[in-house]
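Read through the structure below, which is laid out as structure tokens, and then see the notes.
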Amino acid sequence: MTKYFSLVLFIILFAACSKTDFETHDHSENGNDDAGQEHEGHGHGSGDLENIKFTVFSDAHELFAEMTPLIINKESEFVVHFTKLSDFKAITKGALRIVLSGDLNSEIYVDSIARAGIFLASYTPKKSGAVNIAFIYENGEFSDTIKVASQQCFASESEAKHHTLPAEDGITFLKEEAWKIDFALTKVTLHHFAESYKATGITELPTSEEIYINSTASGILSINSNSTIPGKKIKAGEQLFKISANSTRDDNFQVKFANAKSDMDKNIKDFDRISKLYESKIVSESEYLNAKTELEKSTAEYNKLSQLIKGGKISVNAPKSGFIKKVLVNEGQFVEAGTPLAILTNNNKLFIRVDIPNDEYLELAFVSNANFEIGNKVYNLQELKAKITGGPVYNASTYVSLYFEIENKFGITPNTILTAYLKGKINTNSLLVPKSSIWEDQGHFYVFLQKNGELFEKREVEISGFDGVNYKIESGIALNDVIVSKGTYKVMLASKNSELPSHSHVH
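Heads up: the sequence shown begins at 463 in our numbering, then just goes up one per residue.
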């Protein structure tokens, strides 16, 4: 399961019964949410009978319902919890219909919730027999029908006692507590899993992402103090420097100026001639566009040099967007044409270099995929739009370097140390659980398995692989088990308090 459960209802139906009578459940508006405190209840119970519990998942909701056994002429109470699977929070509005069919044919309607996520209802059956139960939640925009396993309405309390099951032991974690935190459940499913090698990597800036900004003429330099600051983000075309022509020392300047004027004059004549031919459809559009481009270039060069002749200033602008890495000149400095003025860098693309011991690279054989743990986040190749730039680079006799080129849309800085999980051979039909579901304690790994809506078991599992996102499980849990995938720490804390029978909690 990813974030949602399958469209097909799958039922985890725990007919396990709790020794709790409804005297110890306080679902009133004044009920204390503290799961560790006992409360005086409202006095509805059936002697020593165990409560029947249902935990059922639809595509949209988790239903956790408790009811006292159905007995002729005895009031049975229903406490029904609805959790949204989209965020594992309580529903906040809506109505509930409880439809009884089979030997009993009745409908119980509850027009509003008693408190967030919880409906309360009661029913007194008038005859015994097999009963089918459906819970229909409606909120005006959406309807969700969840059916549970058939139950029995008993002729007497003694008959009901004969059919009750012992209470289950486990870790109690109430719905009211789960709704307060970042909590989620995951169904254990089969996936492909690639054997992974853990290695250290570093981000590097490609040489193509770093350019020199050079002087376009000789003269006295003026620095734009608002833009030309190391670390400053600038836009393409933004002015960085000005060059004054007052003291130009270029001995060939007059020759350059004459050549620029000659080129411009020639290109004006060529463009006039080709324009007429183009209008008559004698020359192609590409010839016309080439002539226009040559004219624009030669005109720009002439105007630049003309400004210098007249004592003006030439503007040196950023050729593309990026960051000023380093300024290489000082204010008022005389520079020759072509002198490097600053270094402009752009982090749109980065390399990730991963170093692997030579013998372990040979065991890996090939890299089919990779995950990169940077800070507290894990990225895969697809998220980074990464690609391996080529074959391995043998930097030394003991190490091999692999290079990945990535698109840096997450703002990763150069020289960032990271952890890489290089994926090799792919295993099919592997039991996987997310990293967030695992609790490690003194070298042992555990998950918290749901036994019913508010009861969990701390289950040790055997780990056989980790790819930075998911653990591969060899034993301890089975396909379709439901485990905690968010809020693991809180459930662990609940397990430290005590692991008692489910009847020891109240709402």
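A virtual CB, placed ideally from N, CA and C, is assigned to each residue, including glycine.
On a predicted model such as this, the values are computed, not experimentally measured, just so you know.
Buried or exposed (CB count within 10 angstroms, at least 16 for buried), Thr755: By the neighbour-count rule (16 or more Cβ atoms within 10 Å), Thr755 is not buried but exposed.
Grab me the residues of Tyr585's own chain with a C-beta within less than 6 Å of its C-beta, minus the 5 sequence neighbours each way, in chain order. Ser538 and Ile570
Looking only at its own chain, which residues have a Cβ that is under 8 Å from the Cβ of Val745, when we skip the five neighbours before and after it? Ile736 and Leu739
Kindly list the residues whose CB is nearer than 8 Å to the CB of Gly591, restricted to its own chain and excluding five residues on each side of it in sequence; keep chain order. Gly564, Asp565, Leu566, Gln614 and Cys615
Do Thr950 and Phe910 have their C-beta atoms closer together than 9 Å? yes
Opposite Gln844 in the DSSP bridges: which residues? Per DSSP, none; premise fails for Gln844.
DSSP three-state call for Thr530: helix, strand or coil? Thr530: coil per DSSP, three-state reduction.
Beta-carbon spacing of Ile560, Val542 below 9 Å: yes
Taking the runs of the beta strand (DSSP E) that are 3 residues or longer, which of them lie wholly in the region 887-947? 901-903, 906-914, 917-928 and 932-937
Thinking just about the alpha-carbon of each residue, which of Asn932, Ile939 and Val944 is nearest to the one in Phe655? Asn932
Starting from Thr950 and walking both ways along the alpha helix (DSSP H), at which residues does that stretch end? Thr950 to Asn959
Could you tell me which residues DSSP puts in a beta bridge with Asn614? Sequence inspection shows Gln at residue 614; the Asn mentioned does not correspond to that position. Ala592.
Between which two residues does the beta strand (DSSP E) holding Lys983 run? The requested residue 983 does not occur in the structure, where the chain is confined to residues 463 to 969.
Going by beta-carbon coordinates alone, are Ser684 and Lys697 separated by less than 9 Å? no
Straight-line Cα distance separating Leu652 from Pro896: Roughly 12 Å separates the two Cα atoms.
Going by beta-carbon coordinates alone, are Ser957 and Ile633 separated by less than 9 Å? yes
Near Thr626, which residues of its chain fall below 8 Å by C-beta distance, leaving aside the five closest residues on each side in sequence? Cys479, Leu511, Glu512 and Pro531
Taking the beta strand (DSSP E) that Ala832 falls in, what are its first and last residues? Asn831 to Ile836
Quick check: the region 616-624 against the region 923-930, are at least 3 beta-carbon pairs closer than 8 Å? no
Can you look up Ala557 in the DSSP assignment and give me helix, strand or coil? strand
Please determine, among Ala780, Thr860 and Glu936, the residue with the shortest C-alpha to C-alpha distance to Pro802. Ala780
To the nearest angstrom, report how far apart Glu919 and Lys952 are at their CA atoms. 14 Å
If you run the structure through DSSP and keep just helix, strand and coil, what is Thr761? helix
Below 8 Å on the Cβ atoms is my contact criterion, and I expect Ala583 with Asp573 to pass it. Report the Cβ-Cβ distance as a whole number of Å. That belief does not hold up - the Cβ atoms of Ala583 and Asp573 are roughly 11 Å apart, past 8 Å.
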